[in-house]
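First the structure, in the form of structure tokens, and then the observations on it.
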Amino acid sequence: MKRFVVYASALCALFISAAAVTAADDPIAVRKALMQSNAASAATSGAMLKGELDYNPAVAKAALATFNASAQAYGDYFPEGSETGDDTTAAPAIWENPEGFQEALGKFQADVAAALEASGKDGPADLAAFQQTVGPVLSNCRSCHEDFRIQND
Numbered sequence: 006m007k008r009f010v011v012y013a014s015a016l017c018a019l020f021i022s023a024a025a026v027t028a029a030d031d032p033i034a035v036r037k038a039l040m041q042s043n044a045a046s047a048a049t050s051g052a053m054l055k056g057e058l059d060y061n062p063a064v065a066k067a068a069l070a071t072f073n074a075s076a077q078a079y080g081d082y083f084p085e086g087s088e089t090g091d092d093t094t095a096a097p098a099i100w101e102n103p104e105g106f107q108e109a110l111g112k113f114q115a116d117v118a119a120a121l122e123a124s125g126k127d128g129p130a131d132l133a134a135f136q137q138t139v140g141p142v143l144s145n146c147r148s149c150h151e152d153f154r155i156q157n158d
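Note that the sequence shown covers residues 6 to 158 in our numbering.
Shown next, in the form of structure tokens:
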């Protein structure tokens, strides 16, 4: 299982590096890819929290590491001029209220960093510990989507 964490971390680092290379050309594509990695981590986390997937501390740690990598990179991909397009669900509020968006992003970054720190070297010891660490992270996702994402439902 430790190999899984190493592979997942390497894959995440590779993705972030590749994203940085293409960012200048298509920041919308990069932020969508970062959000897809967050969605995969949220789905894995949710499955463990619901008991649909056996809890595994290494998988939990990998999910938190992915959230962290995304949180550190995400804010760089909202330059002026990328607020519209067929492929974006970024709400105009990001550019109309940049201070609010930066505040939300800062809270996400802080909560993810705290969760990663609390998870220790090998990941949260048990499901209850994981629930405590990932809960604030997932709450950030929900509140940011409510305020800064166009809902397509």
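All C-beta atoms, glycine included, are put in the ideal place defined by N, C-alpha and C. Small disclaimer: the values here were computed from a predicted structure and weren't measured.
In angstroms with no decimal places, state the Cα-to-Cα distance between residue i and residue j.
| i | j | result |
| --- | --- | --- |
| Glu101 | Arg154 | 13 Å |
| Asp152 | Tyr60 | 31 Å |
| Ala98 | Gly128 | 35 Å |
| Leu143 | Phe106 | 17 Å |
| Ala28 | Gly90 | Below a pLDDT of 50, predicted positions are generally treated as unreliable, and Ala28, at 49, falls in that range; no measurement from the model is reported. |
| Lys126 | Ser46 | 18 Å |
Less than 7 Å between the CB of residue i and some heavy atom of the ligand ZN, yes or no?
| i | result |
| --- | --- |
| Ala34 | No copy of the ligand ZN appears in this structure; indeed no ligand is present at all. |
For residue i, does the count of other Cβ atoms within 10 angstroms reach 16, so buried, or fall short, so exposed?
| i | result |
| --- | --- |
| Asn73 | buried |
| Thr138 | buried |
| Pro103 | exposed |
Could you give the DSSP three-state label for residue i: helix, strand or coil?
| i | result |
| --- | --- |
| Ala120 | helix |
| Ala95 | strand |
| Asn157 | coil |
| Ala130 | coil |
| Asn102 | coil |
| Val11 | A caution first: Val11 carries a pLDDT of 46, below 50, which makes its placement in the model too unreliable to give a value. |
| Lys112 | helix |
| Leu58 | coil |
Going by the CB atoms, is the gap between residue j and residue i shorter than 8 Å?
| i | j | result |
| --- | --- | --- |
| Gly86 | Leu110 | no |
| Glu2 | Ala78 | Nothing can be reported for residue 2, as the shown portion of the chain is limited to 6 through 158. |
At which residue ranges does the segment 63-97 contain complete beta strand (DSSP E) runs of 3 or more residues, listed in the order of the chain?
-> none
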